[in-house]
Amino acid sequence: MEDFPARILIVDDEPTTCMALTRALALMGYQADSALSGQEALARLNAAPYDLMVLDLRLPDMKGEEVLWQARQIQPDLLVIILTAYASLDSAIAAVKAGAVDYLLKPYSIRALEEAIARALHRRREQMRRDRLLRMIAEAVEQLSLEEPVKTPAVISPGRFLRQGPITLDREKRVARIQRPAEPGETEVPLTNSEAALLEYLLERPEVVVSCRELAQNVLGYRDLTEREAETLIRPLIFRLRKKIEPDAKQPVWIRTVRGKGYFFSP
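Its first residue numbered 1264, the sequence shown is counted upward by one per residue in the working numbering.
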């Protein structure tokens, strides 16, 4: 968004409104498209990435709240500004819970919409800067753990090994032993401190979905993060762990994702 015009999708069942907003946003320097129905909006979101969606809650084919929910499933980082002429406390709360970042009542001015869009995009830029900083910190910590030698224990402690299904974790040596399908014997995979701690946390809770925020707090020790910030740290760690232990990291069978919820280990 700092190098290219933000892409904005206008969703309203009034063609004249869509046309006017699209032209106004183009004059402001944005790249704007429009959709006259919920299904058309979802089709556009499936076809191309957008930074922000301006959504009228009253649509001819779908409830606006359902469009909002499905849109966030397609593009989880999508910013959404709600437009409505029929405001209620319940609808406002529902929109915020579904991920809307602002809420404008009709009739509204172009100026008010412009300010709402600018606020949302500014918050996004600040969030992206913080995400980059968090990733840099996490990568530095991970590099330090790679350089730290693993001490070989003199005595095997009772709780040293943790096994779930085909995976055995050696807590003290930071090694995973894996029995992969169609492969004889076990494969031994060395892990970093963070990878071992993440695998241990998931193995101890088989079939339990754990949020990124919980993982960041209990595995990495980062507190007071939002779910989005935690996801910035956990997602690359999950990716690296899958590459090491899964038969196919692109189609994981053990470390599974529940979209919008988190991850779980399936033995």
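Positions of the beta carbon are idealized from the N, C-alpha and C atoms, including for glycine.
Taking C-alpha atoms, which residue in the options lies nearest to residue i?
i: R1437; options: L1331, L1425, R1505; result: L1425
i: K1395; options: R1270, I1273, R1491; result: Correcting the residue identity first, residue 1395 is Arg in this sequence and not Lys. The shortest C-alpha separation from R1395 is found at R1491.
i: G1525; options: L1308, R1498, R1374; result: R1498
i: Q1338; options: P1323, G1327, A1310; result: A1310
i: E1303; options: M1291, P1323, Y1293, L1290; result: P1323
i: L1454; options: R1387, P1447, L1504, E1477; result: L1504
i: S1474; options: G1448, E1446, R1519; result: R1519
i: H1385; options: K1513, A1512, A1269; result: A1269
i: A1401; options: G1448, E1446, E1458; result: E1458
i: N1456; options: A1439, V1471, V1472; result: A1439
On the DSSP bridge list, what partners appear for residue i?
i: I1518; result: F1528
i: E1451; result: R1440
i: Q1427; result: I1430
i: D1365; result: I1344
If we call anything under 8 Å between Cβ atoms a contact, is residue i one with residue j?
i: A1479; j: L1466; result: no
i: L1341; j: Y1371; result: no
i: L1318; j: L1288; result: no
i: L1315; j: A1334; result: no
i: K1369; j: V1452; result: no
i: Q1390; j: G1523; result: no
i: P1530; j: P1469; result: yes
i: I1344; j: A1363; result: yes
i: W1517; j: F1502; result: no
i: D1365; j: R1392; result: no
Going by beta carbon distance, what residues of the same chain come within less than 8 Å of residue i, once the five residues before and after it are set aside?
i: T1285; result: I1273, A1295, D1296, S1297
i: R1553; result: Past the boundaries of the shown model lies residue 1553; the chain is included only from 1264 to 1530, so the question cannot be answered.
i: P1515; result: R1505, E1509
i: Y1293; result: P1268, A1269, R1270, I1271, I1380
i: V1521; result: V1472, F1527
i: V1330; result: V1274, G1301, A1304, L1305, L1318, L1322
i: T1279; result: none
i: A1403; result: none
For residue i, which residues in the same chain have their Cβ closer than 6 Å to its Cβ, ignoring the five residues on either side in sequence?
i: E1277; result: none
i: R1434; result: R1423
i: V1482; result: A1460, L1461, Y1464
i: G1428; result: P1530
i: A1512; result: R1505, K1506
i: P1447; result: none
If I measure Cβ to Cβ from residue i and keep anything under 7 Å in the same chain, skipping five residues before and after, which residues do I get?
i: A1417; result: Any reading at A1417 must be qualified, since the residue scores a pLDDT of 48, below 50, and its modelled position is unreliable; the value itself is stated next. Closer than 7 Å at the Cβ level, and outside the excluded window around A1417, lies no residue.
i: C1281; result: I1273, D1275, S1297, L1299
i: R1486; result: Q1480
i: F1267; result: none
i: M1264; result: Model confidence at M1264 stands at a pLDDT of 41, short of 50, so the residue's coordinates are unreliable; what they give is reported in the following sentence. D1314, L1384, R1387, R1388, listed in sequence order.
i: I1373; result: A1287
i: M1291; result: E1377
i: R1307; result: L1272, D1296, A1298
i: I1441; result: P1429, I1430, E1449, T1450, V1452, I1508
i: R1476; result: L1488, E1490, A1493
At the 8 Å Cβ level, is residue i part of the contact set with chain B, yes or no?
i: P1499; result: The chain inventory of the structure shown lacks chain B, comprising one protein chain alone.
Does the Cβ of residue i lie closer than 7 Å to at least one heavy atom of the ligand NAP?
i: Y1371; result: Absence of the ligand NAP is noted for the structure shown, with no ligands found whatsoever.
**OP:** Starting from the N-terminal side, write out each stretch of the beta strand (DSSP E) that is 3 residues or longer and does not extend beyond the segment 1266-1344.
**Re:** 1270-1274, 1294-1298, 1315-1319
**OP:** Counting only runs of 3+ residues fully inside the segment 1446-1494, write out the beta strand (DSSP E) ranges in chain order.
**Re:** 1450-1453
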